[in-house]
Structures are given as C-alpha cells and as structure tokens.
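Trainee: Got a structure for you, written out below as structure tokens; questions coming shortly.
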Amino acid sequence: MTTVSSAEHSRRDFLYIATGAVGAVGAAAVLVPLIAQMNPDASTIAAGAPVEIDLAPIADGQIVKVFWRSKPIFIFHRTKKEIEEAQNVNVASLPDPEPDSERVKKGHEQWLVLIGICTHLGCIPLAHQGEFGGWFCPCHGSQYDTAGRIRKGPAPKNLFLPPYTFVSDTKIRIG
Amino acid sequence: MSGHSTYQPTHPALQWLEKRLPIGGLIHSSFIAYPTPRNLNYWWTFGGILSFMLGVQIITGIILAMHYTPHVDLAFKSVETIMRDVNFGWLLRYLHANGAAMFFLAVYIHMFRGMYYGSYKEPREVLWILGVILYLLMMATGFMGYVLVWGQMSFWAATVITNLFSAIPVVGDTIVTWLWGGYAVGNPTLNRFYSLHYLLPFVIAGVVVLHVWALHVVGQNNPTGVEPKSDKDTVPFTPYATVKDAFLIVCFCLVYAWFVFYIPNYLGHPDNYIPANPAVTPAEIVPEWYYLPFYAILRSIPNKLLGVIALFSSIGILAFLPWLDTSKVRSARYRPLYRQFFWLFVIAAVGLGWLGSKPPEGIYVILARVFTAYYFGFFLIVLPLLGIFEKPKPLPNSISESVLGAKA
C-alpha cells in the first residue's frame with residue numbers, strides 16, 4: 165500500500181461520507197412505502213365515514229346495536245327512571261368518576277350513545293343485565309350502570325363515547 | 063479456493079459468538095476476504111444483481127400478499143384495490159411486475175456471460191446445472207405469478223401451458239386434470255398456484271445458497287479462463303467486488319426505475335386488464351417477453367407432442383452444455399470460431415423471442431424454424447465439433463500477466 169498525502173485522504177473520506185449519507189437517505193426512502201402500505205387503505209378509510217342513525221323506531225327502554233368503523237355502538241333510549249338512577253349516583257364513589265351530564269348531550273338526556281366494547285379486555289357487554297340496570301360483561305364480570313359507567317368488576321374505565329352529533333331530534337350522526 | 067478462515071474478531075462478544083456459531087467467520091471468508099480474480103469485468107456483477115432482485119421480489123411479493131385475495135371472483139378486484147386504495151399499492155405492484163422482467167433480463171445476461179466465458183466447464187459443471195435448476199424455478203414462479211392477476215392473459219396462459227401436458231401419451235389428460243384440480247382452469251388452480259408462487263422463491267433462495275457454495279468451492283471463472291495461480295491473481299472480495307456489484311446494482315436500478323415510474327405497463331399485455339372470461343379466448347395469446355423464445359420454438363414444430371418435447375428440451379439441453387462443448391479452452395476471448403457461432407446463437411435467441419410475439423404465419427414460421435434449427439444445431443453439432451477443429455489463440459500465462467503485462 166503506497167502512502168498518500170493527507171489532502172487525498174480527505175477527498176476519499178469526503179466521497180465515502182457523501183456516498184454513505186446519500187445511501188442512508190435512499191434506504192430510508194425505500195422503507196417509507198414498505199411500512200406505509202400496512203396503514204388503512206383508501207377503501208377502509210372511506211368505509212369508516214360517519215353514519216346517520218334514525219332514532220324514531222327505538223322504543224323507550226330499548227338498546228340498539230349498530231356498527232361504525234367496525235366497532236359496536238350501543239344506542240340506549242333511556243326511561244325517566246333510568247335517567248334518574250344515573251343522575252342520582254354519588255359520583256365520587258365511582259371507580260371512574262364521571263357525572264351523567266358529561267355522558268349525554270344537553271337536551272337529549274334520554275339518549276345514551278356508547279362504544280360497546282368493555283374497557284377491560286374488549287368483549288361486548290350484554291345489555292339489560294347486571295345489578296346496575298345497564299350492561300354485564302360475561303368475559304370477566306364487569307358491570308356497567310344506566311350511564312354506561314363501570315361499577316363493579318375489573319374494567320378500569322367507563323364505556324367510551326364515540327364522536328356524535330344530533331342532526332335533528334330524531335337523528336344522530338356518529339363519526 | 064476456500065482456505066483456513068482468517069477471521070479474528072477483536073470484540074469479546076463476537077469472539078463468544080464465533081466459538082458457538084461461526085457465522086462471522088463464514089461471512090468473512092465468503093464475502094470479505096474471499097479471493098476474487100482481479101480481472102473480473104462488469105459481466106460478473108449480475109450474480110449480485112440477481113440476489114438483489116430476488117430480495118426485491120420476495121419483499122414486494124410478501125407485502126402484496128397482505129392485500130391480494132386468491133379467489134376467482136375476487137382476485138382481479140383485489141389487484142385493482144392494491145393499485146387504487148392501498149397506500150403505495152401502485153408502486154408495490156409495478157415494482158413486483160417489472161421486477162420480474164428485470165430479474166429475467168439479469169438472468170439472461172448472467173447465462174450468456176457463462177456461455178461466452180466457458181464458466182460451465184470443468185470444474186464448474188454442478189454450478190452450471192444448479193443455475194439451470196434456478197432458471198427453471200424462476201420460469202415456474204414467474205408463470206404462476208402472472209396467473210394470479212386473473213386477467214384474460216392470466217387465465218388463457220394458464221389454460222395453454224397446463225394443456226401442454228396433455229401431449230404426454232397415455233397419462234397426459236390425467237395429469238392435466240390433476241394440475242387443474244377440476245375440469246378446466248378454475249378456483250382450485252388459482253389457489254394452488256398462489257400457494258406454490260409463495261413457496262418457490264424460498265426454494266430458489268435455498269438453491270442460490272447451493273449455487274454460491276458450489277461457486278466458492280471451485281472459485282470464480284474470469285475473462286481469460288485461466289485459473290488463479292497465485293495471490294497476485296486475486297484481490298479480496300471486499301471492497302473490490304462488493305463495490306463493483308453495488309455500483310452496477312445502482313445502474314441496474316436506474317433502468318428498473320425507468321420502467322416502474324415512466325412505462326410500467328410497456329412490457330405487459332393490455333388484455334390482462336380485462337377480467338378473466340372462460341368463455342372468450344383473446345385474439346392472440348402471448349406470454350411475457352421472457353418466455354417468447356421458447357414459445358417460438360414450441361410453435362415452429364407442427365406436431366403437438368414433438369413441439370412440447372422441443373420446448374422442454376430447449377431448456378433441458380442447457381444442463382448438458384458442460385459435456386457438449388468439447389473444447390479445452392474456456393474463454394471465447396481465445397476461441398475466434400466459437401465467438402462467431404456464439405453471437406449467431408445470441409441473434410437466434412433474440413430473434414426467436416421477437417418471432418414468438420408475432421402470429422404464427424408466413425415468413426415468421428419459416429424464420430422461427432430456421433432459428434430453432436440453429437438453436438439445437440449449436441448445442442448438438444457446433445459445440446462438439448468445435449472442440450476438435452478449432453485452433454484457439456494462445457492463452458496468457460496467468461491472470462496478472464494478462465492484466466499487468468509481462469512485467470507482473
């Protein structure tokens with residue numbers, strides 16, 4: 165190996181570093197589509213568009229299940245008794261404290277719209293079961309009340325609310 | 063050429079691993095310190111290019127398999143979903159389809175290199191035969207992949223190729239029914255092609271390991287055909303061959319990218335954008351360009367069974383090349399007569415490819431028969447006789463002499 169002057173050394177070093185840098189950028193650019201392709205595709209995103217639900221056919225006390233973005237949504241037309249039960253609970257004593265008023269829309273307290281997935285490990289709770297007038301999850305025994313709040317059992321959080329608005333008094337748009 | 067490993071890791075963790083699984087030493091002796099003839103030209107980079115393309119096809123293929131549905135009612139639509147809805151789906155599909163074409167381009171260059179420089183000759187016969195096996199696996203994989211699209215060309219190519227086996231006397235029809243899994247090409251056929259198309263690339267990868275192993279045992283050939291005689295004739299694989307391979311891979315990718323981004327459907331047939339219709343045969347059934355020479359050979363024989371035999375023999379005859387060529391001189395550089403016959407062979411092969419795309423009538427049939435005759439004559443007549451009658455040019459004494467002159 166013949167000796168080279170330091171000026172030639174630094175030119176070679178520059179070339180190595182420059183090539184390496186461009187190669188690294190290229191490698192990162194190659195990875196982008198390979199990883200991005202696993203994200204939801206355009207048709208899945210389109211299928212997740214908001215849904216409108218007509219509330220008129222839902223009777224007093226009835227709980228209806230629909231799907232939005234592949235998730236089950238409970239729509240509960242609560243009776244006066246069920247609304248009072250939910251409002252009169254001592255909020256501080258709840259495992260996940262939340263007043264009933266924060267779980268419904270003002271002026272539409274009889275309508276409870278929830279994501280029907282148990283916050284423990286993801287099963288779908290059974291309606292009109294359990295000691296609290298709401299739901300009972302058969303997988304590990306969590307019980308929810310008439311506002312969908314966890315009262316007993318291993319679930320850590322109340323049933324979640326999906327994004328929804330009232331288009332009219334008898335129609336909601338979920339999503 | 064594989065000697066005692068010179069790998070001495072300095073890091074204690076690497077020493078620990080080396081004692082238990084000497085993979086560091088294997089990589090070092092195979093791809094870093096491996097003695098490579100110093101006079102290899104760019105035709106020797108296509109092995110590296112082929113390995114790269116195999117990786118590209120496997121990665122893009124596995125990703126496409128996440129979005130493809132192998133059912134006759136859903137397959138075509140799932141490909142269109144990939145093209146239109148999946149993030150970068152259009153890119154992955156075009157990479158995979160054009161990648162197959164580039165894979166075959168590289169393999170043909172690689173094979174022609176082997177034929178020109180006599181890389182199939184003793185002691186590299188097994189290396190060459192493993193290569194022929196790899197080529198056959200590639201052809202099977204490519205064929206089945208094309209069927210998966212389930213366009214008109216996919217369906218009818220599947221019908222034509224599987225029907226070839228009906229030429230076999232006595233058991234032909236039974237075999238074809240067995241291949242189809244039904245009374246015609248249909249859903250069972252599509253499903254099994256999907257399974258095998260996913261499997262074969264990994265079989266290819268395994269045979270590639272054998273191919274490289276066989277290569278490393280005997281060492282690379284080189285443009286003079288004279289084996290390395292001393293350390294002066296070789297250089298370590300890294301950095302010399304590594305960088306040369308990397309550079310040509312980049313250039314190759316430029317050509318690849320030209321197809322993928324500017325003319326992604328140029329090599330395909332527009333009829334494959336029509337969903338498969340078992341009731342309507344397209345006006346012309348043409349395979350992808352890399353099968354055309356063999357398609358032309360098949361069509362130039364007027365008898366069904368003999369045509370099929372000619373088709374399979376035209377590939378199978380390659381395996382016998384080490385024994386058909388009787389010359390003791392490897393490289394065409396020193397074989398002036400062989401060189402001329404070789405280039406005529408290239409013209410015949412490319413010509414057959416062009417003729418395969420033409421309708422089988424008139425002058426095209428005559429030319430195809432002439433080229434087919436030359437194709438088989440080259441292997442069966444020219445090569446055996448040249449070894450006896452050709453007067454080769456004098457070989458250099460060593461590689462370094464041919465590169466550096468007599469003062470080496």
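Going line by line, the protein sequences match chains E and R. Position 66 (the first sequence) corresponds to 230 in my numbering; numbering is contiguous. Position 86 (the second sequence) corresponds to 148 in my numbering; numbering is contiguous. Glycine included, each C-beta is placed from N, C-alpha and C at the ideal position.
1. Is R/F309 buried or exposed, if buried means 16 or more other CB atoms sit within 10 Å of its CB?
2. Mind checking if R/M173 is an interface residue toward chain E, Cβ cutoff 8 Å exclusive?
3. For R/T434, which residues from the same chain have a beta carbon less than 6 Å from its beta carbon, with the 5 sequence-adjacent residues on both sides left out?
4. Taking a cut of 9 Å between CB atoms, which residues from the stretch 198–228 of chain E lie near chain R?
5. With 8 Å as the limit, tell me which residues of the stretch 129–146 of chain R have their beta carbon closer than that to any beta carbon of chain E; keep them in chain order.
6. Are the C-beta atoms of R/F451 and some chain E residue less than 8 Å apart?
7. Within the continuous alpha helix (DSSP H) that includes E/H241, where are the two ends?
8. Within 10 angstroms of its Cβ, does E/S332 collect 16 or more other Cβ (buried), or is it exposed?
9. Is it right to say R/K183 is buried, meaning 16 or more other beta carbons lie within 10 angstroms of its own, or is it exposed?
10. Going by other Cβ atoms of all chains shown within 10 Å of its Cβ, with 16 needed for buried, is R/Y208 buried or exposed?
11. Can you tell me whether E/S257 is buried or exposed? The criterion is at least 16 other CB atoms within 10 Å of its CB, across all chains shown.
12. So what does E/Y308 bridge to, in DSSP terms?
13. Expressed to the nearest angstrom, what Euclidean distance is found between the alpha-carbon atoms of R/W190 and R/A319?
14. In chain E, what lies closer than 9 Å to R/L210 by C-beta?
15. If the cut is a Cβ gap below 8 Å, which residues of chain E does R/G151 touch?
16. Counting only C-beta atoms, is R/L466 closer than 8 Å to chain E at any point?
17. Cβ closer than 7 Å: which chain E residues qualify as neighbours of R/I125?
18. What residues are listed by DSSP as bridge partners for R/S292?
19. Taking only the alpha-carbon atoms, compute the straight-line gap between R/I230 and R/T236 and give it to the nearest angstrom.
20. If distances are taken between C-alpha atoms only, which option among R/A394, R/Y69 and R/L442 comes closest to R/E452?
21. Within 10 angstroms of the Cβ of E/D309, are there 16 or more other Cβ atoms? Answer buried if so, exposed if not.
22. Go ahead and pull the three-state DSSP assignment for R/F323.
23. Looking only at C-alpha atoms, which of R/A276, R/V271, R/L261 and R/M215 sits nearest to R/V247?
24. For R/L154, which residues in chain E fall below 9 Å Cβ to Cβ?
25. So, at 8 Å on beta carbons, what are the nonlocal neighbours of R/P421 in its own chain, with the 5 sequence-adjacent residues on each side left out?
26. Give a yes or no on whether 8 Å exceeds the smallest Cβ distance from R/I311 to chain E.
27. Going by other Cβ atoms of all chains shown within 10 Å of its Cβ, with 16 needed for buried, is R/G244 buried or exposed?
28. Using a Cβ-Cβ cut-off of 6 Å (strictly less than) and excluding sequence neighbours within five positions of R/K455, which residues of its own chain qualify?
29. Taking all protein chains shown into account, do 16 or more other C-beta atoms lie within 10 angstroms of the C-beta of E/C282, making it buried, or fewer, making it exposed?
30. Give me whichever residues DSSP pairs with R/P97 in a beta bridge.
31. Check this for me: beta carbons of R/D147 and E/S207, under 8 Å apart or not?
32. Tell me whether the stretch 246–261 of chain E and the stretch 293–312 of chain E touch, counting them as touching only if at least three CB pairs, one residue from each stretch, are closer than 8 Å.
33. Label E/S174 either buried or exposed according to how many other C-beta atoms from any shown protein chain fall within 10 Å of its C-beta, with 16 as the threshold for buried.
34. For R/S462 and E/L179, what's the separation of their Cα atoms in angstroms?
35. What separation, rounded to the nearest whole angstrom, lies between the Cα atoms of E/P263 and E/V255?
36. From the DSSP output, read off the bridge partner residues of R/P337.
Mentor: Per the coordinate set shown:
1. exposed
2. no
3. I359 and S362
4. L198, A200, Q201, M202, N203, P204, D205, A206, S207, T208, I209 and A210
5. Within the stretch 129–146 of chain R, those residues whose Cβ lies closer than 8 Å to any Cβ of chain E are, in chain order, H129, T143 and R146.
6. no
7. Per DSSP, E/H241 belongs to no alpha helix (DSSP H); it is in the beta strand (DSSP E), K235 to H241.
8. exposed
9. buried
10. buried
11. exposed
12. E/W299 and E/I314
13. 30 Å
14. Those within 9 Å of R/L210 in chain E number zero; the least Cβ separation is about 18 Å.
15. Q201 and D205
16. no
17. L198 and Q201, listed in chain order.
18. Paired residues: none, contrary to the question.
19. 10 Å
20. R/A394
21. buried
22. helix
23. When each option's Cα is compared against that of R/V247, the closest is R/M215.
24. P197, L198 and Q201
25. E346
26. no
27. So R/G244 counts as exposed.
28. Y396
29. Under this definition E/C282 is a buried residue.
30. R/P298
31. yes
32. yes
33. It is exposed - the Cβ of E/S174 has fewer than 16 other Cβ atoms within 10 Å.
34. 29 Å
35. 6 Å
36. R/G213
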